[in-house]
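Here's the structure we're looking at; comments come further down.
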Amino acid sequence: MNYEVNEQGQLMIGGFTAEELADHYGTPLYVYDVEKIRANAKAFVQTFKNHGIPAQVAYASKAFSSIAMLQVASNEGLSLDVVSQGELHTALEAGFPVERIHMHGNNKSINELEMAVEADIGCIVLDNFYEIELLGAILREKNKYMDVLLRVTPGISAHTHDYILTGQEDSKFGFDLSSGQAEKAFLEVSKHDHIVMKGLHCHIGSQIFETSGFEMAAEKLFEALVDWKKRFGYTADVLNLGGGFGIQYTKDDDPLELNEYVKALIQALDGLTKKASYPMPEIWIEPGRSIVGEAGVTIYTVGSIKEIPGVRTYVSVDGGMTDNLRPALYNAKYEAVLANKMNEKKHQKYSIAGKCCESGDMLIWDVELPKVEHEDLLAVFSTGAYGYSMANNYNRFQKAAVVFVENGEHHLVVRRESYKEMTRHDLTYEPLKGVIQ
Ligand code: LLP
Numbered sequence: 001m002n003y004e005v006n007e008q009g010q011l012m013i014g015g016f017t018a019e020e021l022a023d024h025y026g027t028p029l030y031v032y033d034v035e036k037i038r039a040n041a042k043a044f045v046q047t048f049k050n051h052g053i054p055a056q057v058a059y060a061s062k063a064f065s066s067i068a069m070l071q072v073a074s075n076e077g078l079s080l081d082v083v084s085q086g087e088l089h090t091a092l093e094a095g096f097p098v099e100r101i102h103m104h105g106n107n108k109s110i111n112e113l114e115m116a117v118e119a120d121i122g123c124i125v126l127d128n129f130y131e132i133e134l135l136g137a138i139l140r141e142k143n144k145y146m147d148v149l150l151r152v153t154p155g156i157s158a159h160t161h162d163y164i165l166t167g168q169e170d171s172k173f174g175f176d177l178s179s180g181q182a183e184k185a186f187l188e189v190s191k192h193d194h195i196v197m198k199g200l201h202c203h204i205g206s207q208i209f210e211t212s213g214f215e216m217a218a219e220k221l222f223e224a225l226v227d228w229k230k231r232f233g234y235t236a237d238v239l240n241l242g243g244g245f246g247i248q249y250t251k252d253d254d255p256l257e258l259n260e261y262v263k264a265l266i267q268a269l270d271g272l273t274k275k276a277s278y279p280m281p282e283i284w285i286e287p288g289r290s291i292v293g294e295a296g297v298t299i300y301t302v303g304s305i306k307e308i309p310g311v312r313t314y315v316s317v318d319g320g321m322t323d324n325l326r327p328a329l330y331n332a333k334y335e336a337v338l339a340n341k342m343n344e345k346k347h348q349k350y351s352i353a354g355k356c357c358e359s360g361d362m363l364i365w366d367v368e369l370p371k372v373e374h375e376d377l378l379a380v381f382s383t384g385a386y387g388y389s390m391a392n393n394y395n396r397f398q399k400a401a402v403v404f405v406e407n408g409e410h411h412l413v414v415r416r417e418s419y420k421e422m423t424r425h426d427l428t429y430e431p432l433k434g435v436i437q
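For the sequence shown, the numbering used here assigns the number 1 to the initial residue and increments by one for each residue that follows.
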């Protein structure tokens, strides 16, 4: 992992020691190095620009949505992928340019679709037949128009965890290409005057390290487009190949440079369009994890330490599956260091436990660390994606605060939840009197 250490053996994040940040904001604390976020965004945007390819790089805000984050995304010229009214609401509050917002979801509600139409967002990615009818009716009633893409499943299985596989045919998402569902959807859409069919979308999975899956998906989608051009005279303006670009969580992960993914996509599409004499569509992608994942670090304070002689030593920290659900949910692996003892020799293996009443609340098994003591600061790397966004209040733990560091400054961008806020939706209840005692 790439990190800086000062002369006193302290982990530095964006020019600050983890200790300073922990002292200032408390722990657990998510810290984002904003320069890294910007560099990742630029790696995607700039590569398309360098190749002179019209493109939209839509940040998948499910990876980490907050007003500050969406401001940075907007500032970097990214577009935005939202999948719910909540994510759309956040985008609107952040003042994200509406024409660059795209909406996803396999079960968009009438309210969500209406909100998207009212807000005049740039594009809705249609996922099922019911939605085509709903959107058609909403647009007719409001006399508005909306650009859409059809989400299709190209039948590609990317090598990743089963739960984050989405491009295979047996999926809750999108229209199947091979059985003709996608074509049926295309014909259905063309019956609606107010729906403007811009092209196709697919997302083959997450945390992908190879470009071949993307290339194969592009080929499949393109095959359908060439066929539709011949048979229906339809030419797509946009081809959206989704997100899923892998990042480094541990030394075992060996992702490509972000611009390498883009280059491979451009090359594949260049070849395909030339071969079929098809005009090059705009290429859209939707990176989430690769924009924010490695830019985030979570800082925890060590509490209890339980040694089972000859078996293992459990080190409990003040967070866990409430701020990072991924180890419990996907068996995801992370690396960690003692932020206040970076120059000390590794002492032994420890297993890092969270605070929840749940044996599965283990952040890391068997990580080698210097001798761990109470009050040490443990920093877990690459927690910027799907950490805060999947945070929860299990055991009524507060959601942690989020801090941005950039240009020698640190800024609180999400306050730590208070207990008062946690019970804000709770109402008192007068039990029925005299019924059951
Ligand atoms: N586009 C679509 C349509 C998606 O469904 C997703 C992720 C993305 C883009 C962004 O993928 P990324 O570049 O972040 O891999 N909670 C899981 C990840 C679920 C991803 C779901 N869709 C995790 O923590 O690994």
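Yeah, the Cβ is synthetic: ideal placement off N, Cα and C, and Gly gets one too.
Since this is a predicted model, take the numbers as computed values, not measurements.
Nearest neighbour of residue 391 by Cα position, chosen from 45, 17, 30, 429, turns out to be 30. Take the alpha-carbon of residue 112 and the one of residue 279: they are about 33 Å apart.
The criterion of a C-beta distance shorter than 8 Å is satisfied by residue 61 and residue 91. Note on geometry: alpha-carbon atoms of residue 296 and residue 234 lie some 43 Å from one another. The C-beta separation of residue 156 from residue 204 comes to about 5 Å, placing the pair in contact by the 8 Å criterion.
Checking the 7 Å criterion, the Cβ of residue 255 is out of range of every heavy atom belonging to the ligand LLP. Residue 349 sits in a strand when the DSSP states are folded into three classes.
DSSP places residue 338 in the uninterrupted beta strand (DSSP E) bounded by 336 to 338. As summarised for the stretch 15 to 93, the continuous alpha helix (DSSP H) elements at least 4 residues long and confined to that stretch are 18 to 25, 34 to 50, 67 to 75, 85 to 93, given in chain order. Collapsing the DSSP output to three states places residue 372 in coil. Residue 78 has its alpha-carbon roughly 33 Å from the corresponding atom of residue 394. Under DSSP, residue 305 takes part in a beta bridge, and its partners are 315. With a cut-off of 7 Å, the C-beta of residue 100 is classified as distant from the ligand LLP, since no heavy atom of the ligand falls inside that distance.
Nearest C-alpha to residue 219 among 183, 260, 267: 267.
Secondary-structure assignment with DSSP links residue 402 through a beta bridge to 30, 414. DSSP, reduced to helix, strand and coil, places residue 147 within a strand of the structure shown. Between residue 372 and residue 338, the C-beta spacing is below 8 Å. Counted as a single uninterrupted DSSP element, the alpha helix (DSSP H) harbouring residue 292 occupies residues 289 to 292.
DSSP, read as helix, strand or coil, puts residue 216 in helix. For residue 242, the shortest separation between its Cβ and any heavy atom of the ligand LLP lies below 7 Å.
With contacts defined by Cβ atoms closer than 8 Å, residue 80 and residue 53 do not form a contacting pair. Contact check for residue 294 against residue 36 passes: the beta carbons are separated by less than 8 Å. In the three-state DSSP reduction, residue 173 falls in the coil class, being neither helix nor strand. Under the criterion of beta carbons closer than 8 Å, residue 369 and residue 350 qualify as touching, at roughly 5 Å. In the DSSP assignment, residue 282 falls within the beta strand (DSSP E) that extends over 282 to 285. With contacts defined by Cβ atoms closer than 8 Å, residue 328 and residue 361 form a contacting pair. Around the beta-carbon of residue 201, 16 or more other beta-carbon atoms lie within 10 Å, marking it buried.
Scanning the stretch 103 to 148 for uninterrupted beta strand (DSSP E) segments of 3 residues or longer gives 123 to 126, listed from N- to C-terminal end. With a cutoff of 8 Å on beta-carbon distance, residue 258 and residue 239 are scored as not near each other.
Listed in chain order, the non-local C-beta contacts of residue 139 below 8 Å within the same chain comprise 117, 145, 146, 192, 194, 195, local neighbours out to five positions each way being set aside. In the assembly as shown, residue 123 is a buried residue. Its beta-carbon has 16 or more other beta-carbons within 10 Å.
Annotation: residue 300 to residue 317 spans about 6 Å, alpha carbon to alpha carbon. For residue 404, the closest alpha carbon among the candidates 305, 18, 2, 5 is that of 18. Excluding five sequence positions before and after residue 85, the CB atoms of its chain that fall closer than 7 Å to its own CB belong to 111, 112, 115, given in chain order. DSSP, reduced to helix, strand and coil, places residue 271 within a helical segment of the structure shown.
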